[in-house]
Structures are given as C-alpha cells and as structure tokens.
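Comments concern the structure below.
In our numbering, the protein residues as written are 8 to 155.
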C-alpha cells in the first residue's frame with residue numbers, strides 16, 4: 008500500500024509540475040494547496056531533492072522546483088525513492104529480495120502471485136511520467152465536460 012509519504016510526495020510533485028517551466032514555490036504554498044502537513048512535507052521534499060527529482064533554493068525568493076522536466080520523471084522511480092520497493096513482500100521484490108523462512112521460494116503460491124502483483128503495479132507506475140500524471144485531471148475534466 009502506498010504510504011502517506013508517497014501520496015504526499017506525488018501530490019507535491021504534481022503541484023510543481025503545474026508551475027511554468029523552471030518555476031519554484033515555497034513549501035508552505037504546496038502544503039496549503041494540497042492539504043499536507045508542512046513539517047511532514049519538508050521531510051518529503053528533502054528526500055525527493057536528495058534523490059535528484061527536485062532542486063531547492065533558500066531565502067525569501069527561494070523554494071522548490073523540479074530538477075528535470077516532468078516528461079523525464081517516471082512516477083515509479085519517485086514512489087521507490089519515497090516508499091521503497093513496490094513488492095508487497097520482500098520475497099517478491101527485485102531490489103530488496105529476502106528469502107522467507109516459512110516457505111519454499113520455488114513452490115510458494117503466495118510468492119508467485121505477489122510477483123505478478125509487483126509486476127502489475129510496476130508496469131503502471133513505470134509507464135507514467137509526472138507530466139502524464141499531472142494531465143490526468145485535465146483529461147478527466149475534459150471527458151466529463153464532453154459527457155454533459
């Protein structure tokens with residue numbers, strides 16, 4: 008399950024992706040606009056900066072901005088940076104694999120299914136860029152307007 012850290016990180020990144028290219032904004036503005044606790048958002052944005060997704064500038068005119076174009080940021084990579092592996096169990100993980108003590112890896116049906124779950128989640132998250140995610144609400148609104 009996606010943690011609040013992952014969810015808030017994505018919401019903040021989408022907020023930044025809506026700014027003009029190269030634009031930046033203060034943490035307080037992002038927090039208020041997205042109903043995210045500011046102290047928690049400070050930590051999250053720091054992690055995204057350390058992972059290379061954001062850059063920041065201190066001072067009155069400072070703030071956070073995307074370090075790359077939103078078209079070049081893969082959503083799955085951001086989730087992994089904030090929440091770790093996508094697999095529901097360590098025995099189904101590619102990057103954080105751990106052997107289960109209570110089952111045989113070669114015959115465990117639970118592991119086999121969780122590998123498929125991991126792959127399905129990864130397929131979706133690794134297919135979307137931040138730009139595509141940003142545009143989802145616009146597409147939904149457009150579809151709704153066309154419907155009525």
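Even for Gly, the Cβ is constructed at its ideal location relative to N, Cα and C.
Small disclaimer: the values here were computed from a predicted structure and weren't measured.
- Taking a cut-off of 8 Å on C-beta distances, the segment 28 to 42 does not touch the segment 96 to 104, as fewer than three cross pairs fall below it.
- Rounded to the nearest angstrom, the gap between the Cα atoms of residue 20 and residue 10 is 15 Å.
- In this structure, DSSP gives residue 67 a state outside helix and strand, which the three-state scheme calls coil.
- By DSSP's assignment, residue 81 forms a beta bridge with 136.
- In terms of Cα proximity to residue 60, the closest of 74, 53, 24, 47 is 74.
- When the five nearest sequence neighbours on each side are left out, no beta carbon in the same chain lies closer than 6 Å to the beta carbon of residue 87.
- For the 7 Å CB-CB criterion, residue 82 and residue 143 do not form a contact.
- A straight-line Cα-Cα distance of about 12 Å links residue 77 and residue 17.
- Annotation: the continuous alpha helix (DSSP H) that includes residue 56 extends over 45 to 57.
- Taken through DSSP and simplified to helix, strand or coil, residue 100 comes out as coil.
- Rounded to whole angstroms, the Cβ separation of residue 31 and residue 72 is 4 Å, and the two are in contact under 8 Å.
- Per DSSP, the beta-bridge partners of residue 32 are 71.
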